[in-house]
Amino acid sequence: MNYYAIRSIYKFEMARAWRTLLQSIIAPVISTSLYFIVFGAAIGSHMQEIDGVSYGAFIVPGLIMLSLLTQSVSNASFAIYFPKFTGTIYELLSAPISPLEIVVSYVGAAATKSVILGLIILATAYLFVPLRIEHPGWMVLFLILTAITFSLLGFIIGIWADGFEKLQLVPLLVVTPLTFLGGSFYSITMLPPFWQTVALFNPVVYLVSGFRWSFFGVSDVDVTISVGMVIVFLILCLGVVTWIFKTGYRLKS
Amino acid sequence: MQARFWPFPLQSATMQPIIAISNLSKTYASGFQALKGIDLAINTGEIFALLGPNGAGKTTLISIICGIVSPSEGTILADGHDITVEYRAARSKIGLVPQELTTDAFETVWATVSFSRGLFGKPADPAHIEKILRDLSLWDKRNSPIRTLSGGMKRRVMIAKALSHEPQILFLDEPTAGVDVELRRDMWDVVRGLRDRGVTIILTTHYIEEAEEMADRIGVIDKGRIILVEDKHELMQKLGQKRLTVLLQQKLNHIPPELAAYNLELSADGLELVYTYDTQGERTGITDLLSALRSAGVTFKDLQTTQSSLEEIFVNLVRNGA
Ligand SMILES: Nc1ncnc2c1ncn2[C@@H]1O[C@H](COP(=O)(O)OP(=O)(O)O)[C@@H](O)[C@H]1O
Ligand SMILES: [Mg+2]
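Taken in order, these protein sequences are the chains called A and B. Residues in the first sequence are numbered consecutively from 1, following UniProt numbering. Residues in the second sequence are numbered consecutively from 1, following UniProt numbering.
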């Protein structure tokens with residue numbers, strides 16, 4: 001293992017986050033706070049409890065997931081797209097570093113940033129709504145697994161994208177709708193039966209449901225299924241990444 | 001530092017090459033064949049110039065050796081390691097300064113050069129980085145973000161990055177294209193220093209003077225094929241033409257008709273006659289010329305010979321060969 005390389009890339013990426021602190025941390029915190037104010041406080045006070053949880057608290061796990069997913073994807077996709085765009089990728093390709101080490105360092109850094117962000121949003125949520133976390137261990141596990149999985153997805157998008165439009169389009173057209181339709185703001189049991197079935201094809205449903213279970217002990221789908229789905233999705237992404245490096249897809253001519 | 005005492009006798013002709021390329025071909029996805037069956041051996045410690053016109057395949061060849069482009073066919077050993085199978089061992093020996101100016105923008109000079117060293121698997125060594133930055137006149141700029149630097153400075157940064165991990169083999173792809181005189185001089189100083197420490201240097205260029213000035217050996221590449229590899233001096237001797245300049249005692253207004261057979265050129269001031277001859281020829285014709293001069297009554301005070309430049313050699317090669 002080339003540990004020095006992993007450490008260099010990781011440090012480089014974390015330094016970039018620090019430099020763009022406003023964009024990477026403060027902006028998502030502000031926008032999530034607005035959600036809390038609008039949905040939690042303003043609208044939430046007129047909503048009934050869901051599964052015995054006040055609406056303001058109910059949406060917290062979903063909102064954290066929303067930020068976690070979008071930030072993981074955008075962090076990781078940008079991190080690998082940018083060297084491709086500027087041409088500095090030549091150095092990465094010519095370095096004595098394995099594909100696994102490249103993925104570990106970029107995805108590791110992106111996931112670290114998202115987890116930190118998720119925890120900051122969680123802390124922010126405490127300011128607005130009374131919260132309890134029934135299974136903190138599971139909560140952290142979901143946070144980390146999700147961050148890694150979606151950072152991997154972002155990494156793939158970053159390699160695939162050959163222009164800034166594509167880089168922004170996928171998160172906009174795929175990730176955001178999936179998250180909004182994934183039960184961040186409601187329980188999917190509130191949907192008509194047909195749409196409930198459709199929702200089960202949305203991987204985000206399992207993430208939000210499992211994550212919410214770790215807070216309140218209630219969930220739309222069984223928590224083991226949730227964990228299973230995250231792992232399936234993780235393996236799927238790993239498979240694609242392996243294929244990318246085997247073939248040099250969009251990396252080498 | 002210890003490399004400074006690298007014993008020179010090691011670089012004998014019997015040594016196995018530090019880079020051995022056999023039957024290398026590259027066809028790009030577009031279907032264009034950029035390299036056609038390249039066989040090439042680079043000796044340890046030499047400065048090798050790969051000379052060829054634009055589009056000859058120089059960058060493609062270097063990019064394949066460094067792992068940026070995948071080969072279609074053939075094998076390459078770097079210091080005995082196959083570049084695809086044992087890529088770790090091979091690549092950690094190699095430093096690359098690519099043709100295009102591509103650097104990070106927001107990082108400082110110090111950070112980006114240190115980053116490169118780590119990427120190539122070496123523990124931090126601030127003293128080494130400092131030495132490189134000083135050698136390349138970058139020390140004063142070490143804390144500046146790269147985007148604030150001029151183009152020439154950015155190229156220095158790229159050289160510093162390539163040297164950060166103390167490579168044994170250094171590739172310089174068109175190192176002086178669009179570079180100012182000062183940087184060119186600094187760069188050649190650095191290159192000579194590296195060579196003195198036993199580093200092998202491969203540079204590509206389409207400027208013949210550059211190959212002539214720097215290289216120990218020269219390979220000529222054209223349309224994806226290596227058409228010639230020669231020791232620089234041998235090459236120039238073998239293919240070169242020499243000029244004999246006759247410095248005259250008295251000014252001539254025109255070349256005497258009895259000397260027409262020698263294709264002489266008369267300088268504008270009428271004080272020099274230039275005779276061009278082929279060193280490869282059976283006879284140079286100098287003796288004949290001198291007696292012809294005497295019988296024509298032309299007296300001279302001195303004679304000078306000059307070697308023709310690689311430029312002429314190259315033009316001849318590409319015109320006649322391939
Ligand atoms: N990615 C690519 N796809 C298709 N053709 C390419 C690619 N890169 C280079 N070429 C072609 O291969 C030839 C050799 O290019 P290159 O190695 O850059 O030449 P040089 O460095 O000697 O100028 C050129 O004709 C160039 O157009
Ligand atoms: Mg080139």
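We treat Cβ as the ideally placed atom computed from N, Cα and C, and that holds for glycine. Note that this is a predicted model, so its numbers are computed, not measured.
Counted within 10 angstroms of its Cβ, other Cβ atoms place residue i as buried (16 or more) or exposed
| i | result |
| --- | --- |
| A/Trp-195 | exposed |
| B/Tyr-28 | exposed |
| A/Trp-18 | exposed |
| A/Asn-2 | buried |
| A/Gly-118 | buried |
| A/Ser-139 | Here the sequence assigns Met to residue 139 of chain A, which means Ser is not the residue at that position. It is buried - the Cβ of A/Met-139 has at least 16 other Cβ atoms within 10 Å. |
| B/Ser-30 | exposed |
| B/Asn-263 | exposed |
| B/Met-187 | buried |
| B/Leu-50 | buried |
| B/Met-214 | buried |
| B/Ser-22 | exposed |
| B/Val-315 | exposed |
| B/Gly-52 | buried |
| A/Phe-180 | exposed |
| A/Thr-242 | exposed |
| A/Leu-34 | exposed |
| A/Lys-246 | exposed |
| B/Lys-58 | buried |
| A/Thr-146 | buried |
| B/Lys-26 | buried |
| A/Gly-137 | exposed |
| B/Arg-155 | buried |
| B/Phe-8 | Note that B/Phe-8 scores 44 on pLDDT, short of 50, meaning its location in the model is unreliable; the coordinates nonetheless yield the value given after this. B/Phe-8 comes out exposed. |
| A/Gln-48 | exposed |
| A/Val-208 | buried |
| B/Asn-253 | exposed |
| B/Ala-268 | exposed |
Contact test: residue i Cβ vs ligand 2 heavy atom, cutoff 7 Å
| i | result |
| --- | --- |
| B/Asp-125 | no |
| B/Thr-59 | yes |
| B/Asp-222 | no |
| B/Glu-210 | no |
| B/Glu-174 | yes |
| B/Gln-99 | yes |
Assumed close pair residue i, residue j - CB separation to whole angstroms, cut-off 8 Å
| i | j | result |
| --- | --- | --- |
| A/Ser-151 | A/Ala-110 | 4 Å |
| A/Leu-234 | A/Ile-148 | 7 Å |
| B/Ser-92 | B/Lys-161 | Not a contact, Cβ separation roughly 15 Å. |
| B/Leu-244 | B/Leu-303 | 6 Å |
| B/Ile-18 | B/Ile-169 | 6 Å |
| A/Glu-134 | A/Phe-216 | 6 Å |
| B/Leu-163 | B/Val-157 | In fact, because the Cβ distance is near 11 Å, the residues do not count as touching under 8 Å. |
| B/Ile-201 | B/Leu-172 | 7 Å |
| residue 371 of chain B | B/Trp-110 | Lying outside 1 to 322, the shown extent of chain B, residue 371 of chain B is not represented and no answer is given. |
| A/Phe-142 | A/Ser-214 | 6 Å |
| A/Gly-210 | A/Val-223 | 5 Å |
Proximity test, residue i beta-carbon vs ligand 1 heavy atom, cut-off 7 Å
| i | result |
| --- | --- |
| A/Phe-85 | no |
| B/Gly-52 | yes |
| B/Ala-20 | no |
| B/Phe-32 | yes |
| B/Ala-56 | yes |
| B/Tyr-28 | yes |
| residue 307 of chain A | Nothing can be reported for residue 307 of chain A: it is not among the residues displayed for chain A, which extend from 1 to 253. |
Any chain E beta carbon closer than 8 Å to residue i
| i | result |
| --- | --- |
| A/Glu-91 | Among the protein chains of the structure shown, namely A and B, there is no chain E. |
(message) In chain order, what are the residue ranges of uninterrupted alpha helix (DSSP H) at least 4 long that sit wholly in the segment 31-108 of chain B?
(response) 58-66 and 87-91
- Continuous alpha helix (DSSP H) assignments of at least 4 residues falling wholly in the segment 33-114 of chain A: 55-86 and 89-94
Every unbroken alpha helix (DSSP H) within the segment 155-206 of chain A, with a cutoff of 4 residues, ordered by chain: 164-170, 176-180 and 193-199
Which residue spans inside the segment 139-219 of chain B form an unbroken alpha helix (DSSP H) run of at least 4? 151-163, 181-196 and 208-214
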